[in-house]
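Beneath this line is the structure, given in structure tokens, with notes to follow.
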Amino acid sequence: NAGVTQTPKFRVLKTGQSMTLLCAQDMNHEYMYWYRQDPGMGLRLIHYSVGEGTTAKGEVPDGYNVSRLKKQNFLLGLESAAPSQTSVYFCASSYPPESSYEQYFGPGTRLTVT
Amino acid sequence: AQSVAQPEDQVNVAEGNPLTVKCTYSVSGNPYLFWYVQYPNRGLQFLLKYITGDNLVKGSYGFEAEFNKSQTSFHLKKPSALVSDSALYFCAVRDIHGDYKLSFGAGTTVTVRA
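If you want it as structure tokens, here you go:
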């Protein structure tokens with residue numbers, strides 16, 4: 004099992020450009036999440052999905068969109084990148100959290116917006 | 071609302087000495103509590119969790135954590151630290167009757183010197 008994978012690993016964007024981050028998991032997890040990690044702030048939830056075709060807003064959703072067309076994939080889009088979106092982005096997946104299952108994380112994408 | 075506090079940004083210990091990373095939490099109801107570790111340029115790895123039952127939880131790599139309901143704490147411990155334990159550690163909490171979201175602390179950087 005590859006677990007949770009993310010592409011790309013690194014990206015540099017200019018302000019106003021768009022991009023899509025791809026997350027894939029091979030554990031048949033229903034739930035998937037996108038977080039951003041900033042120094043001294045821990046991880047903050049951007050969006051999450053409780054199943055194929057469903058998405059919901061997290062703690063910091065502004066400036067991002069997501070889609071879950073297939074159960075194994077969760078895409079995070081930036082339509083018009085801003086320097087404030089410079090961060091490390093992590094995808095995670097889990098079984099239904101009401102069963103107390105932990106989340107499994109991908110290796111991260113380091114995004115710089117200039 | 072739920073939240074986690076990790077009062078120490080950094081913890082420095084000598085190899086072979088005990089290691090403690092502190093975490094306190096706040097939830098409306100009862101908590102699910104988690105510890106994750108992040109090595110440089112890697113994603114988060116699950117260490118251990120408290121769901122219910124025994125207040126002392128044992129996890130990966132010789133780590134353990136003690137749940138203290140009266141002090142709302144879930145401190146991570148290791149009796150004898152290794153240089154390879156140097157990493158960033160995150161505590162996370164979820165209210166068992168809340169929504170699906172985990173709230174993470176800001177993280178504690180552990181440095182174990184040889």
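Residue numbers (this note's numbering), protein chains in the order written: chain A, 4 to 117; chain B, 71 to 184. Glycine included, C-beta positions come from ideal geometry on N, C-alpha and C. All values reported here derive from a predicted model rather than from experimental measurement.
Inset, instruction - Tell me, please, whether the CB atom of F160/B is closer than 8 Å to any CB atom in chain A? - result: yes
Inset, instruction - Report all residues from its chain with a CB closer than 6 Å to the CB of S70/A; omit the five preceding and five following residues, and keep chain order. - result: Leaving aside the five residues that flank S70/A on each side, the residues in its chain whose CB is nearer than 6 Å to its CB run, in chain order, L78.
Legend entry - Three-state class that DSSP yields for P101/B in the structure shown: strand
Legend entry - Span separating the alpha-carbon of L172/B from that of V15/A: 29 Å
Inset, instruction - Can you say whether H32/A is buried or exposed, counting buried as having 16 or more other CB atoms within 10 angstroms of its CB? - result: buried
Inset, instruction - Ignore the nearest five residues each way along the sequence and tell me which others in K12/A's own chain have a CB closer than 8 Å to its CB. - result: P110, G111, T112 and R113
Legend entry - 8 Å CB neighbourhood of N4/A in its chain, flanking five on each side removed: D29 and M30
Inset, instruction - Along the beta strand (DSSP E) that carries D165/B, what are the first and last residues, could you check? - result: A157 to D165
Inset, instruction - Measuring alpha carbon to alpha carbon, tell me which of Y120/B, E85/B and V182/B ends up nearest L103/B. - result: Y120/B
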